[in-house]
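Taking it in order: structure first as structure tokens, then the write-up.
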Amino acid sequence: MHILTPEEQRKREEYAIQMGCLEESLMEQAGKGVADATVEFLSFHKLPHTVGLLVGKGNNGGDAFTAGCSLLEKGVKVAALQVEPLEQASLLCQKQRNRFMQRGGSLVDTFSLLASVSLFLDGLFGTGFRGAPQPAYADLIRAANASGRPILAIDIPSGLNGTTGEVAGVAIEATATLFLEFPKRGFFFGRGWEKIGHLHPISLSLPPCLHEESPDQFQLITSDLCKTLLPSLSRSRHKYQSGYVAGFAGSVGMEGAATLAALGTLRGGGGVVRLFYPKDAALSPLPVEILKRAYTHQEAEEVAQEMERANALFLGPGLGKKQETALFLHSLGRFLSKPTVIDADALYHFSLSPFPIPKEVLFTPHRGELSQLLHIPLPAQPTLAETELWRTYATLHGITLLIKGPISWVVSPGQPIWVNSMGDASMATAGSGDVLTGLLAALLAQNLSPTQAAIVGSYLHGLAGRIAAAKRGSDRGLIASDILWALPEAFCRLLPPLHRPNMLWV
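Residue numbering for the sequence shown follows the working numbering, beginning at 7 and increasing consecutively.
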């Protein structure tokens, strides 16, 4: 799914109008979609069907009134607060407000009169907003944020810059953003991710050709895309066709990272995993499904020969930062050719002294490791300018980057940057990245390219985190093993298995 700037979306909508779409029809489509999503939210959370509209003077306010009309038709009680006098609103906004009133909607003139509603629909500012809100709007935004009520933002949280993700003053802190047709670039940069909540698409039914045309700079990873990339399963397959992965991981005191990565391979669909670890590491007892092989630092060529029997490799989880490990990586790398995931301490050693890597490689740094690789300090949140550094680094080394974080970014030479928004705050826990490493290696072993593996793997990993958090009933206290055990259900959510007959059938 294309990620656009507000200007790029505006041009598409203008072109749709030139092709015969009516602006009012687009607004009607937006309002109906927003209303449907709102009722779904209220029903899922078992909330009373009462909604407060926060309305500005532009077409975003018109979208809010249109949604209000649809909500009234569904039996929802709706009240609206419009900050500006009616005569200052856009013509479409004025028209939709009149319709709203005619259908039984009510207007209030103070925020306190909305105190009894179950949630707010934010229609104050659209994607073209820049700068800081005027005092009356800023006070309303603060009051809504402090209300404790869910807020569903129409297209974008008011006060957020749709291009840069900047917040100059104050912005709506949305529970969810109901974006119209395309997600906006500002969702993923600056403070955007803090403000947008969950993302939910609302279709405007734009002509299909407007989805085909794109600057191809950023793309959102979707379940539909991942379904097309998942490896197919043959009924006659054996374990080596499921993928044989070899891992080089672990050290004294960090044995758990190696174990989590190996189990991530198996839970990620791999058929066999063999773990290579230093002899002085206490990896026993390992889960019985994991094959293991201890090594010394004088056995680089022998280890490489065994690893090359695998379909894919992973290097790094829990290796440690000793100089002898760096030297071993340099020796080992000369013999490796299979698709490889390089993570954690292997990235640390590569940042200090690049060692030989295979042709198909996937680097998986978090922001701290990315800063080490680029040899520059990075701000807490990604910026648009920074993405050019990612592209340059990926091209220079001929690799795919999967930059881990609340949002994950997949960067490959000559391709758009893929954005994964499935990450969950509950996944900020030790070992989460190790599970991902094993999952990615399993996907590489099933013949996905590094880019494809990064797209599917990051999505599945985030989905598993959400499933695990939901099962635990909390966003706190999740551990990496919870994500690990949720992976099979994540696969099932993405692509349910074919109907099976009764177990007694022959």
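Just so you know, even glycine gets a beta-carbon here, dropped at the ideal spot from N, CA and C.
Cβ-Cβ distances below 7 angstroms link Tyr246 to Gly277 and Val278 in the same chain, with the five nearest sequence neighbours on each side left out; the list follows chain order.
Here DSSP, grouped into helix, strand and coil, assigns Ala95 to coil. Nearest to Trp491 by alpha-carbon distance, out of Leu269, Tyr399 and Gly111, is Leu269. Looking at the backbone, the Cα of Ala252 and that of Pro345 are separated by about 11 angstroms. A distance below 7 angstroms between beta-carbons, with the five flanking residues on each side excluded, links Tyr143 to the following residues of its chain, in chain order: Val89 and Leu130. Counting along the chain, Lys83 sits inside the beta strand (DSSP E) bounded by residues Lys83 to Gln88. Non-local beta-carbon contacts of Arg155 in its own chain, meaning distances under 6 angstroms to residues more than five positions away in sequence, involve Leu125 and Phe126 in chain order. Under DSSP, Gly58 forms a beta bridge with Ala85 and Phe126.
Within the same chain, and ignoring the five residues on either side of Asp488 in sequence, the residues whose Cβ sits closer than 6 angstroms to its Cβ are Ala474. Distances from the alpha-carbon of Pro163 to those of Asp481, Pro237 and Arg197 put Arg197 closest. Assignment of beta-bridge partners to Trp424 by DSSP yields Gln225 and Val416. DSSP, read as helix, strand or coil, puts Tyr250 in strand.
For Glu312, the closest alpha carbon among the candidates Gln100, Gly324 and Lys298 is that of Lys298. His8 sits in a strand when the DSSP states are folded into three classes. Nearest in C-alpha terms to Gly324, of all of Ser49, Val441, Ser455 and Leu450, is Val441. When DSSP states are grouped into helix, strand and coil, Thr265 belongs to the helix group. Spanning the alpha carbons of Ile202 and Ile461 requires a straight line of approximately 22 angstroms. Beta-bridge analysis with DSSP links Lys38 to no other residue. Here the C-alpha atom of Val416 lies approximately 17 angstroms from the C-alpha atom of Gly444. For the 7 angstroms CB-CB criterion, Ile178 and Ile208 do not form a contact.
The beta carbon of Glu295 sits closer than 7 angstroms to the beta carbons of Leu272 from its chain, once the five residues preceding and following it are set aside; these are given in chain order.
Residues Thr170, Gly171, Gln387, Pro388, Thr389 and Leu390 of the same chain have their beta carbon placed closer than 8 angstroms to that of Phe195, with the five preceding and five following residues left out of the count. Each residue's CA atom was taken as its position, placing Leu484 and Leu500 some 22 angstroms apart. In this chain, the alpha helix (DSSP H) harbouring Pro494 covers Ala486 to Leu500. His381 carries a coil assignment under DSSP once its states are collapsed to helix, strand and coil. About 16 angstroms separates the CB atoms of Leu120 and Arg103; that is not less than 8 angstroms, and the two are not in contact.
Judged by their CB atoms, Thr183 and Ala159 are nearer to each other than the 7 angstroms cut-off. Sequence-distant Cβ neighbours of Lys80 in its own chain, meaning closer than 6 angstroms and more than five residues away, are Val45. Every beta strand (DSSP E) of 3 residues or more that sits fully in the segment 97 to 168 is shown, in chain order, as 112 to 114, 125 to 129 and 157 to 160.
DSSP places Val462 inside the alpha helix (DSSP H), whose first and last residues are Pro456 to Arg478. Taken in chain order, the unbroken stretches of beta strand (DSSP E) that lie wholly in the segment 342 to 387 and span 3 residues or more are 346 to 348 and 367 to 369. Rounded to whole angstroms, the Cβ separation of Asp430 and Arg472 is 5 angstroms, and the two are in contact under 8 angstroms. In this model, Phe135 and Glu34 are separated by some 22 angstroms (Cα to Cα). By the Cβ criterion, the segment 400 to 412 is not in contact with the segment 224 to 237, since fewer than three pairs of Cβ atoms, one from each stretch, lie closer than 8 angstroms. Shown here, Thr234 sits in a helix according to DSSP, grouped into three states. Here Phe50 is exposed: its Cβ has fewer than 16 other Cβ atoms, across all protein chains shown, within 10 Å.
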